[in-house]
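Notes follow once the structure below has been shown.
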Amino acid sequence: MEWTGSWNSFYSTKPINVVFSEWRKKMIAINYKSYYNPWMGDEWLFSYKNNEMLEYHYENGYNIDMQGEGCVTIEAKKVSLNAVATLIEFERETNFEPYNINLHLKDLYYYVLVLPEELENSEFSRKLHELFISVLKV
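Residue numbers (our numbering): 152 to 289.
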């Protein structure tokens with residue numbers, strides 16, 4: 152089985168129920184339906200436009216259909232984060248040497264936004280990515 156879709160990870164302090172509620176509203180605004188599925192300790196919100204798109208998804212996985220759209224999923228779970236992040240120079244836009252930051256955070260939420268295509272290949276995926284970021288903003 153081949154993995155499909157573009158997987159985009161986020162950490163946020165915004166609770167899952169709030170994120171899912173706001174996401175549902177944004178999906179309704181573009182005529183998408185969503186259904187919730189808790190599974191193995193994670194929470195999932197799957198969104199699709201119509202039954203034809205859903206059938207296409209079952210046959211082809213996460214892909215753009217003939218109308219340039221596709222199914223979307225948010226996977227979410229509550230986590231703690233104990234990690235080291237390394238700050239590095241990005242496209243020469245910073246004036247500091249790389250260094251590490253220790254992160255020890257509790258009661259965070261980890262989200263994976265699964266889009267039908269990579270951001271650089273799909274206007275639709277870019278639009279939904281921006282919508283999701285707007286939902287996560289506090």
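Idealized CB from N, CA, C, for every residue including glycine.
Bear in mind that the values here come from a model prediction, so they are computed numbers and not experimental data.
By Cβ distance below 7 angstroms, which residues in the same chain neighbour residue 182 in space, the five residues on each side in sequence not counted?
Along the sequence shown, read from residue 1 onward, the residue named residue 182 stands at position 31. Hits under 7 angstroms: 200.
Please classify residue 256 as buried or exposed, where buried requires at least 16 other C-beta atoms within 10 Å of its C-beta.
Residue numbering aside, residue 256 sits at position 105 when the sequence shown is read from its first letter. Per the 10 Å Cβ criterion, exposed.
Helix, strand or coil: which one does DSSP assign to residue 273?
What you label residue 273 is simply residue 122 of the sequence shown in a count that begins at 1. In this structure, residue 273 counts as coil in the three-state DSSP scheme.
Roughly how many angstroms separate the alpha carbons of residue 171 and residue 252, rounded to a whole number?
The sequence position of residue 171 within the sequence shown is 20, counting from 1. The sequence position of residue 252 within the sequence shown is 101, counting from 1. Using only the alpha carbons, I get a separation of about 30 angstroms.
Ends of the beta strand (DSSP E) at residue 230?
On the sequence shown, residue 230 is found 79 positions in, with the first residue counted as 1. Counting along the chain, the beta strand (DSSP E) containing residue 230 begins and ends at 223-238.
At which residues does the beta strand (DSSP E) containing residue 251 begin and terminate?
For the purposes of this step, residue 251 is taken as the residue at position 100 of the sequence shown. Where residue 251 is concerned, the enclosing beta strand (DSSP E) stretches over 250-266.
Do three or more CB pairs link the stretch 227-235 to the stretch 264-271 at distances below 8 angstroms?
The stretch 227-235, when compared against the stretch 264-271, does not touch it at the 8 angstroms Cβ threshold.
Quick one, which of 193, 156, 159 and 154 has its alpha-carbon nearest residue 167's?
As a working mapping, residue 167 is identified with position 16 in the sequence shown. Among 193, 156, 159 and 154, the Cα nearest to that of residue 167 is on 193.
Mind checking who residue 206 pairs with in its DSSP beta bridge?
Your numbering for residue 206 matches position 55 in the sequence shown. Paired residues: none, contrary to the question.
Can the beta-carbon of residue 158 be found less than 9 angstroms from the beta-carbon of residue 265?
The residue you call residue 158 lines up with position 7 of the sequence shown. The residue you call residue 265 lines up with position 114 of the sequence shown. Yes, these two residues count as a Cβ contact at 9 angstroms.
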